[in-house]
Structures are given as structure tokens and as C-alpha cells.
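S.K.: This is the structure I have questions about; it appears just below.
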Amino acid sequence: MIKTLSDAIKARGYDTLTPVQEAVTQPELGEADLLVSAQTGSGKTVGFGLAIAPTLLGDMERFPKASKPLALIIAPTRELALQVKRELEWLYGKAGATIASCVGGMDMRDERRTLERGAHIVVGTPGRLRDHIGRRSLNMNALRAVVLDEADEMLDLGFREDLEMILGEAPEDRRTLMFSATVPRSIATLAQHYQKDAVRVTTKAEASQHSDIEYRAMNVSARDGENAIINVLRFYESPTAIVFCNTRAMVNRLTTRFSNRGFSVVALSGELSQNERTHALQAMRDGRARVCIATDVAARGIDLPNLELVIHAELPSSHETLLHRSGRTGRAGRKGVSALIVPAKSRRKAERILKSAKVTAEWSDAPSADAVIARDEERLMNDPTWQQDISEKEQAGAQKLAELYSAEQIAAAYLRLYNSRQSAPEELSASGSDGAPQKRAAFGASVWFSLAGGRKDNAEARRILPMICKAGGITKEDVGAIRVQQNETFIEIRKSSVDAFVKAMGPDLNVEAGATLIQLDKAPKITASPRPNSGGRHRDNKPRGGGKEKPQSRSHTRSDKDYWDHNSGQEPSKKRPKGGSKSAPFAKKRPEDDLLGDGAVKRLKKKSESRAAKGKSKAAIAKGKRKKARTKAERSK
């Protein structure tokens with residue numbers, strides 16, 4: 338191995354090469370074309386960097402001044418191309434290599450100026466590289482090596498024509514290295530046309546691929562998919578996690594839901610600009626975000642630090658997609674978990690995909706709320722902070738607390754602070770449930786509270802519930818009912834939890850800025866939601882002659898914006914209202930009122946404008962009729 342590259346690898350902390358790196362750097366393969374079957378996360382980027390080094394440097398340890406490119410690396414996505422560039426920069430840093438990138442979404446003029454100044458290695462995406470070749474800003478006459486990274490993905494994404502054009506423009510005496518997770522017939526055909534006597538390199542038997550990844554298939558009921566994901570995230574508490582969805586709409590939906598639940602989340606989908614994608618990935622890398630929710634195409638090839646958990650919110654379309662998704666974790670010898678969320682109706686599909694991928698998954702139910710709480714307690718008790726030495730400053734603070742409060746009070750306060758930083762786990766129904774609401778036990782004695790802000794302020798029960806639980810340190814099991822009225826909202830809290838609830842809220846019972854609770858002496862008088870027709874969804878269940886409210890059936894519940902009930906088992910709606918924000922749980926109309934639903938101001942303005950336009954239109958019609966009548970009268974005279 339060339340000394341400058343060997344020094345770079347040691348400085349990076351690598352003691353040994355991975356199997357794929359060992360395989361492609363064998364002396365007998367020094368000038369051969371290679372067709373390498375290697376999974377993502379196997380260290381193949383460093384592998385092909387080492388493989389082409391003798392071809393680029395020969396007997397030298399450092400590159401001469403950059404001029405025309407000596408190597409071209411082609412990757413399917415912008416993120417993967419930029420990631421490859423970063424890897425090669427540290428690998429070839431001591432060798433003095435200049436590495437340029439040419440990817441879609443970046444300023445083409447800046448790329449052209451970089452190429453004009455000279456580069457030893459160019460990394461890019463097929464479409465942008467083809468553009469540069471067509472404009473003659475990328476000179477390929479001096480190329481000694483071409484590398485196709487994730488070749489199967491590039492063909493799946495429809496880049497065959499671009500690849501054929503690029504390979505056709507490259508010198509015939511170049512080396513061509515293709516790296517692919519799978520080698521279908523399309524890849525074999527491409528290799529046959531553009532490689533010379535390619536050597537096939539396979540580093541592992543298919544059965545042992547992804548051996549560092551623990552596959553978990555989790556049974557959930559149809560309505561608990563999103564709640565199960567929340568519990569999985571909380572159960573594993575991975576430093577970094579990625580949640581895969583099949584559509585942009587699902588990405589947006591989960592981003593909104595999880596952000597509202599207190600997770601630090603970023604989204605990654607095709608609708609984002611390059612700057613937005615770059616900022617999202619940077620947030621994951623520097624720890625500002627912990628969960629990335631992404632589509633398959635947007636997340637291809639990305640490498641996130643400390644990624645120990647991959648969740649398939651929706652089942653992948655094929656076993657290849659399953660392997661590509663799961664390959665984001667368990668990289669370079671590290672362990673990881675790949676969790677599939679499997680509703681009952683999708684079990685056969687999941688089994689078929691797992692069998693085709695030749696991986697074995699452990700089947701179980703998704704973690705329950707109790708399991709998450711138990712795991713939290715285990716993490717708390719094993720926290721290394723307990724074993725750390727106490728500084729003088731900490732000793733003084735601890736002594737002051739000990740003088741003011743009992744050990745039990747201090748421990749309880751610490752637990753509240755610890756739990757307040759975590760999103761509360763969700764109660765899940767039985768995995769075999771068909772989605773029908775489950776009857777719960779009678780709620781029992783309770784105390785009612787009033788919250789300023791009601792229907793006219795667009796307050797919604799589904800948004801108030803998590804806010805109340807978080808502020809009061811309770812779970813939704815402690816909330817009996819939420820009734821949104823015209824000008825205020827009534828909330829029922831279990832009597833046994835009231836003292837702790839009030840204590841957590843503080844003396845002013847502040848839910849959040851501008852939202853304050855008032856404890857009531859007795860149950861309030863509930864006014865039914867307005868109903869547009871006699872049998873609709875907003876039907877009033879009170880008997881016409883007065884008396885107690887009748888139990889509501891599932892088909893005749895009030896709007897879930899106005900209503901949530903512990904006893905009915907009804908869950909707050911997960912749908913986001915049109916015009917809603919993708920992050921904030923409550924839009925703010927004015928500083929003193931935080932209970933407006935997302936997009937409320939826009940909706941009110943639109944409604945007002947609509948009414949005004951309707952009024953103008955009616956006035957115009959009436960005016961036209963009067964004018965027509967006058968004209969007709971004049972003609973008759």
C-alpha cells in the first residue's frame with residue numbers, strides 16, 4: 338500500500354482493512370477491471386479509493402500539480418457523491434489530491450471554475466457529469482480509472498443512457514470498477530459492454546450479509562403504526578435513527594407528528610432543495626437532530642454517524658430496497674437494528690420480502706408503554722453519571738439542596754426532570770386488533786379544569802392532549818375527557834393524579850406561555866358541538882328531555898377536534914389540518930393565545946375574504962338585475 342494512504346488510514350484509527358478493502362487491494366488485481374458485489378456499509382468507498390491508487394499514483398507517494406482529471410467516480414445521488422468526496426479527501430489528503438464534485442443542485446458555474454483550476458479526482462452524479470461533458474468543461478482525455486458506485490441503484494433510477502454516454506466518452510485504456518450491492522442481469526450486461534475481462538469480487542456469502550444488523554419484525558394493529566414507531570424510537574434511544582417511508586406525504590405526516598411529540602426531527606425527500614437537504618443532514622451529523630424521516634431515493638447512500646436504528650414505517654417494495662435501507666446501520670463492524678412495522682394484513686408480504694433478502698427476523702409485538710418505561714428506568718440506573726466524581730461547585734449545590742429538601746423530594750424532582758426530557762410512550766392495542774376501539778375501564782373519580790381558548794380560537798382536543806400530558810407530567814390514561822366549547826375548553830383529570838399534576842404545573846397552572854388552567858369545584862356544563870344535520874358526525878347525544886349524556890357509538894362521535902374521551906377509547910386524530918405547520922403543535926394568533934390550530938390565521942383570513950367576495954358577488958348580481966329591469970322598462974315605454 339502507498340505510504341501516504343497507509344498513514345491516512347492509521348491516523349483515522351483503522352487497525353485493519355474490511356474484507357472488501359482487502360479483496361480489491363490484492364496485488365494481482367492491480368490493473369484489472371473489477372465487478373465487486375459489496376453491501377452498503379462494508380467500507381467500499383475506502384476500498385475503491387485504495388484500489389485505484391496505484392493506477393493514479395504509480396510509484397509516487399504524492400500527486401503532481403492538478404490538471405486534467407485522472408479518475409472519475411460516479412454515484413447515484415447528490416448526498417452519496419458528496420459523502421464519497423469527503424471520504425476520499427481524508428484518504429488522499431496526505432497525497433495532496435485535489436478532489437472536485439459535480440452534482441445536481443449546485444452552481445454549475447462554480448463547478449466549471451473548479452474544473453478549470455484542475456482536479457485529480459472528480460466525483461459526480463450521472464446527469465450533472467453528462468452536462469459538463471456536453472459543455473466541454475470536463476475533459477476526460479487523461480482519465481485512468483472510472484468507478485461506478487451503487488451501480489445497480491443508478492440503473493434502477495434510470496441513468497443507463499447517461500452512464501453509457503459517459504463511459505463511451507472515457508478513454509478505452511482506462512480501468513473500470515463497478516461496485517454494486519446486487520448483480521442483476523442489467524449490471525452484468527453493462528459490465529460486459531464497458532469492462533475488459535472484469536474480475537468478479539464477492540466478499541461474503543449472501544447468507545452472511547448484514548450479519549451486524551439485528552432484524553426485528555414488529556406486529557402492530559392497523560391503527561397503531563405511528564404510535565409503534567414512537568415506542569420503538571423511545572425503546573432503543575439510538576443516538577441517530579432513520580425512519581423510511583414510501584411517499585413524500587408520509588414523510589411530511591410523520592415529521593409533523595414526531596416534532597409535535599418532542600423528537601428532534603429532520604425530513605429528507607425529493608421535494609427539498611439541495612440546501613435544505615444539506616442542512617438536514619448536517620443537523621443529524623452535529624447532533625442537533627436525532628431522527629431522520631426519509632424516502633428511499635432521498636436517503637440512498639447517506640452515512641450518518643452513530644446510526645444504530647433503522648425503522649421501516651412502511652414495508653419496502655422489494656428485498657433489494659430492504660437491504661439498502663437496512664444498510665444505513667451496522668456499518669464498518671458496528672451493530673444496528675432494522676425494525677419493520679408490520680400490520681396484520683401485511684404480514685405475508687413482510688415474510689416474503691425477508692425470505693427473498695435471505696435474512697432472518699425476530700418476530701414480536703412492538704414495545705409497549707410499560708416496556709419503554711422499564712427500559713428508561715434501566716438506562717437511568719446504569720447512567721455513568723452516577724459514577725462520576727463530584728466537583729466542588731456541585732458539592733456546594735448538593736449540600737444546599739440537602740438542607741432545603743429531603744432525599745425523597747430531591748430524587749422525585751430529579752425523576753420529573755429526567756422524564757420531562759423524554760416523549761411519553763404510547764399505549765398500543767393488541768397486535769391482532771382489527772382497529773376497532775378498545776373499551777377501557779371506568780375512569781372513576783375526577784377533577785375538572787378549564788382552559789382559556791375554545792372552538793372560536795381553533796383549539797383542538799388532539800393537540801391539547803399531548804400538551805397537557807407533557808406540562809403536567811401525566812399520561813393520557815390520567816385524562817378522562819377533553820371537551821372543546823365555543824370560548825373555553827374543559828379537561829377532566831383523574832383525582833388520584835391531580836396533586837402531582839398541579840404540582841408539576843406550578844402555582845399558576847401554566848400549560849405554556851399564555852395558556853393557564855383554572856381548577857373547577859364541580860363538573861362543568863358541557864354544550865354539544867354544533868351539528869350540520871341531524872344524523873351527522875357532530876350529533877348531540879344528549880336526550881331531548883335532558884338528563885345524562887348517552888354513551889356515544891363510534892359512528893356518532895363528535896368531531897375529534899372538539900372531543901376526546903378516555904372511556905370511549907377514541908384517539909385524537911392524526912390528520913393535520915389544511916394549511917397547517919409542519920412543526921409547531923399550536924399556531925399563534927397573538928402572544929396571549931397559544932391554542933389556535935396550525936394555519937388558523939390563514940384559514941380565518943381566507944374565510945373572511947371568501948365571505949367578502951361572496952357578499953360582493955351577491956351585490957353585483959342584484960345590481961345587474963336592477964339594471965336589466967330598468968332597461969327592460971325603458972324599452973317597453
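Residue numbers (the numbering used here): 338 to 974. All C-beta atoms in this analysis are idealised placements derived from N, C-alpha and C, irrespective of residue type, glycine included.
Just to confirm, is the Cβ distance from R662 to V647 under 8 Å?
M.R.: In the sequence shown, the residue the question calls residue 662 occupies position 325. In the sequence shown, the residue the question calls residue 647 occupies position 310. Yes, they are a contact pair.
S.K.: Am I right that R334 and S728 are in contact with their C-beta atoms under 8 Å? What's the rounded C-beta distance?
M.R.: Past the boundaries of the shown model lies residue 334; the chain is included only from 338 to 974, so the question cannot be answered.
S.K.: Keeping to the same chain, check which residues put their C-beta closer than 7 Å to that of A345; ignore five residues upstream and five downstream.
M.R.: Taking the sequence shown and counting its residues from 1, the one referred to as residue 345 is at position 8. If we look at A345 and ignore the five residues flanking it on each side, its Cβ neighbours are W427, L428, G430 and K431.
S.K.: By the three-class DSSP mapping on this structure, what secondary structure does K960 have?
M.R.: Looking up residue 960 in the sequence shown gives position 623. Looking at K960 - three-state DSSP - the assignment turns out to be helix.
S.K.: Name the residue from G384, S517 and F400 whose alpha carbon lies nearest to the alpha carbon of P413.
M.R.: Numbered from 1 along the sequence shown, position 76 holds the residue referred to as residue 413. The shortest C-alpha separation from P413 is found at S517.
S.K.: With three or more beta-carbon pairs closer than 8 Å as the criterion, would you say the stretch 488 to 501 touches the stretch 457 to 464?
M.R.: Contact between the stretch 488 to 501 and the stretch 457 to 464 is present, because at least three Cβ pairs lie under 8 Å.
S.K.: Once you ignore the five residues that flank K672 on each side, which residues in its own chain have a CB closer than 6 Å to its CB?
M.R.: The count along the sequence shown starts at 1 and reaches residue 672 at position 335. So the qualifying residues of the chain are D549.
S.K.: Where are the alpha helix (DSSP H) runs, 4 residues long or more, that stay fully inside the stretch 774 to 831, in chain order?
M.R.: Runs of the alpha helix (DSSP H) inside the stretch 774 to 831: 798 to 809.
S.K.: Compare the C-alpha of A698 against each of S683, G624, D720 and V674 and name the closest.
M.R.: Taking the sequence shown and counting its residues from 1, the one referred to as residue 698 is at position 361. Among S683, G624, D720 and V674, the Cα nearest to that of A698 is on V674.
S.K.: Count the other CB atoms, across all protein chains shown, that sit within 10 Å of the CB of K807; report buried if there are 16 or more and exposed otherwise.
M.R.: Residue 807 sits at position 470 when you count from the first residue of the sequence shown. Result: buried.
S.K.: Counting only runs that start and end within the stretch 484 to 518, where is the beta strand (DSSP E) found for 3 or more residues in a row?
M.R.: The qualifying runs are 512 to 517.
S.K.: Say the cut is 7 Å; is the CB of A528 nearer than that to a heavy atom of the ligand NAP?
M.R.: In terms of ligand content, the structure shown is empty, and the ligand NAP therefore cannot be addressed.
S.K.: Measure the C-alpha to C-alpha separation of L710 and P704 and round it to an integer number of angstroms.
M.R.: Along the sequence shown, one-based indexing puts residue 710 at 373. Along the sequence shown, one-based indexing puts residue 704 at 367. Residue identity check: residue 710 is Ile in the sequence provided, not Leu. Approximately 10 Å, taken between the alpha carbons.
S.K.: How many whole angstroms separate the CB atoms of R598 and P762, which I take to be in contact at a CB cut-off of 8 Å?
M.R.: Mapped onto the sequence shown, residue 598 falls at position 261. Mapped onto the sequence shown, residue 762 falls at position 425. About 10 Å separates the two Cβ atoms, so there is no contact after all.
S.K.: Do S385 and G433 have their C-beta atoms closer together than 8 Å?
M.R.: Residue 385 sits at position 48 when you count from the first residue of the sequence shown. Residue 433 sits at position 96 when you count from the first residue of the sequence shown. The question names Ser, but residue 385 in the sequence shown is Phe. No; because the gap between Cβ atoms is not below 8 Å, this pair is not in contact.
S.K.: Does the beta-carbon distance from R481 to R512 come in below 8 Å?
M.R.: Position 144 of the sequence shown, counted from the first residue, corresponds to residue 481. Position 175 of the sequence shown, counted from the first residue, corresponds to residue 512. For R481 and R512, yes; Cβs fall inside 8 Å.
S.K.: How big is the Cα-Cα spacing for R614 and A604?
M.R.: Taking the sequence shown and counting its residues from 1, the one referred to as residue 614 is at position 277. Taking the sequence shown and counting its residues from 1, the one referred to as residue 604 is at position 267. For R614 and A604, the distance between alpha carbons rounds to 8 Å.
S.K.: With E416 and L618 assumed to form a contact (beta carbons below 8 Å), what rounded beta-carbon distance in angstroms separates them?
M.R.: Within the sequence shown, numbered from 1, the residue matching residue 416 stands at position 79. Within the sequence shown, numbered from 1, the residue matching residue 618 stands at position 281. Going by Cβ atoms, the distance from E416 to L618 rounds to 7 Å, so yes, they are a contact pair.
S.K.: Just to confirm the assignment: which complete alpha helix (DSSP H) runs, minimum length 4, are found wholly within the stretch 576 to 645?
M.R.: Entirely contained in the stretch 576 to 645, the alpha helix (DSSP H) runs reaching 4 residues are, in chain order, 585 to 597 and 611 to 622.
S.K.: What do you get for E608, buried or exposed, if any count of 16 or more other CB atoms within 10 angstroms of its CB means buried?
M.R.: Position 271 of the sequence shown, counted from the start, is the residue given in the question as residue 608. With fewer than 16 other Cβ atoms within 10 Å, it is exposed.
S.K.: Report yes if the CB atom of C582 is closer than 8 Å to the CB atom of T632, and no otherwise.
M.R.: What you label residue 582 is simply residue 245 of the sequence shown in a count that begins at 1. What you label residue 632 is simply residue 295 of the sequence shown in a count that begins at 1. The answer is yes: Cβ separation under 8 Å.
S.K.: In this structure, how does DSSP classify V373 when only helix, strand and coil are distinguished?
M.R.: The residue labelled residue 373 in the question sits at position 36 within the sequence shown. Three-state DSSP puts V373 in a strand.
S.K.: Whole angstroms are fine: how far does the CA of L691 sit from the CA of I410?
M.R.: Position 73 of the sequence shown, counting from 1, holds the residue named residue 410. Position 354 of the sequence shown, counting from 1, holds the residue named residue 691. The alpha-carbon atoms of I410 and L691 are separated by roughly 32 Å.
S.K.: Given a cut-off of 8 Å on the beta-carbon distance, is the pair T540 and A360 in contact?
M.R.: Here the question's residue 540 lines up with position 203 in the sequence shown. Here the question's residue 360 lines up with position 23 in the sequence shown. The answer is yes: Cβ separation under 8 Å.
S.K.: Beta carbon of F827, beta carbon of I863: below 8 Å?
M.R.: On the sequence shown, position 490 is the one that residue 827 refers to. On the sequence shown, position 526 is the one that residue 863 refers to. Yes, Cβ-Cβ distance for F827 and I863 is below 8 Å.
S.K.: Below 8 Å between beta carbons: does that hold for A687 and V580?
M.R.: Position 350 of the sequence shown, counted from the first residue, corresponds to residue 687. Position 243 of the sequence shown, counted from the first residue, corresponds to residue 580. No, Cβ-Cβ distance for A687 and V580 is not below 8 Å.
S.K.: Residue ranges of each beta strand (DSSP E) run of no fewer than 3 residues wholly in the stretch 449 to 486, ordered along the chain?
M.R.: Qualifying beta strand (DSSP E) stretches, in chain order: 458 to 461 and 482 to 485.
S.K.: Could you check which residue in N589, R665, S766 and A559 has the C-alpha nearest to that of K682?
M.R.: Taking the first residue of the sequence shown as 1, we reach residue 682 at position 345. That would be A559, whose Cα lies nearest to the Cα of K682.
S.K.: Can you tell me whether A959 is buried or exposed, with buried defined as 16 or more other CB within 10 angstroms of its CB?
M.R.: If you number the sequence shown from 1, residue 959 lands on position 622. So A959 counts as exposed.
S.K.: Within the stretch 702 to 752, note down every full beta strand (DSSP E) run reaching 3 residues or more, in order along the chain.
M.R.: You should have found no qualifying run.
S.K.: Assuming E416 is part of the alpha helix (DSSP H), what are its boundary residues?
M.R.: Position 79 of the sequence shown, counted from the start, is the residue given in the question as residue 416. Start and end: R415 to L428.
S.K.: Of all the options V373, E424 and Y351, which has the alpha carbon lying nearest to the alpha carbon of L641?
M.R.: On the sequence shown, residue 641 is found 304 positions in, with the first residue counted as 1. If we check each option's Cα against that of L641, E424 comes out closest.
S.K.: I need the DSSP call for Y351, collapsed to helix, strand or coil.
M.R.: Here the question's residue 351 lines up with position 14 in the sequence shown. Residue state, collapsed to three classes: coil.
S.K.: Give every residue of the same chain whose Cβ lies closer than 6 Å to the Cβ of R712, excluding the five residues on either side of it in the sequence, and list them in chain order.
M.R.: Residue mapping note: residue 712 aligns to position 375 of the sequence shown, counting from 1. Excluding residues within five positions, the ones whose Cβ falls inside 6 Å are F572.
S.K.: Just tell me which of I389, A841 and M718 has its CA closest to the CA of I811.
M.R.: Position 474 of the sequence shown, counted from the start, is the residue given in the question as residue 811. Among I389, A841 and M718, the Cα nearest to that of I811 belongs to A841.
S.K.: Flag this pair as yes or no: are the beta carbons of M515 and T577 separated by less than 8 Å?
M.R.: Taking the sequence shown and counting its residues from 1, one reaches residue 515 at position 178. Taking the sequence shown and counting its residues from 1, one reaches residue 577 at position 240. Contact: no.
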